[in-house]
Amino acid sequence: MAGSLSAQEPAKYRITYDCNAQIITGKYSKHRWTLDIGENTSIFYNLNYRLFTTEMEEIRATGDAMALIAQLPALGKKYPTKSDLQIVTGLPKNGEYSYYHQVSTSKLKYEEPLPTIDWQMTDSTRTICEYECQQAIGKVYGRTWTVWYATDLPLNYGPYVLQGLPGLILAAKDSEGLFEYVAVGI
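Residue numbers for the sequence shown, in the working numbering: 71 to 256.
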């Protein structure tokens, strides 16, 4: 078992992606993302954020506010690139996803149908994590994505909300060069 998607469903697969994201024009930040896939649901999240908040909660539970303040710099260094973004597919029902993200002091959550992506297959191939991958190009939410998927892993998932191919998406890059995900572990 790779982990737990929720209290109800264990993850059967865990894929780790590195993502280079342009945070300021010409400046990139690398984040590591995790995709846990269960029987009916998946969750895309940042493990550093989960580990950081778990350790903070453990310290907070002691009731020692000074210990929490003293540990914050060390925790920040231990878990540098964090993001609270989570995307859960299959919940509240199949064909939908739930998006969670904190904006300032407010927690944002919305649910909507998974986007239908009209993928155009190409003849290009590439090896990622020792899997032969095929290329596809599609648009979602106004952004054009070039992805690489492995039919040897017949899972209809990928990073972010990218999905709908006959294999697991192991790499994805948007046409503007703002985001690039590459699987580094399965």
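By construction, the Cβ of each residue, glycine as well, lies at the ideal position given by its N, Cα and C atoms.
- Counted as a single uninterrupted DSSP element, the beta strand (DSSP E) harbouring residue 208 occupies residues 201-210.
- By alpha-carbon distance to residue 137, the top candidate from 147, 148, 125 is 125.
- Secondary structure of residue 109 (DSSP, three-state): coil.
- Within the stretch 129-181, complete beta strand (DSSP E) segments of at least 3 residues are found at 156-159, 166-173, given in chain order.
- Taking C-beta atoms as the reference points, residue 228 and residue 242 count as a pair closer than 8 Å.
- In summary, residue 116 is buried, with 16 or more beta-carbon neighbours lying within 10 Å of its beta-carbon over all protein chains present.
- For residue 218, the enclosing beta strand (DSSP E) starts and ends at 213-220.
- Excluding its 5 nearest sequence neighbours in each direction, residue 108 has C-beta neighbours in its own chain below 7 Å: 75, 79, 80, 81, 82, listed in chain order.
- Taking residue 191 as reference, the option from 223, 128, 239 with the minimal CA-CA separation is 239.
- Residue 172 is classed as exposed because its beta carbon has fewer than 16 other beta carbons within 10 Å across all chains shown.
- Rounded to the nearest whole angstrom, the C-alpha separation of residue 215 and residue 180 is 23 Å.
- Taking C-alpha positions only, residue 142 is separated from residue 176 by approximately 21 Å.
- The C-beta distance from residue 169 to residue 187 rounds to 17 Å, too long to fall under 8 Å, and the pair is not in contact.
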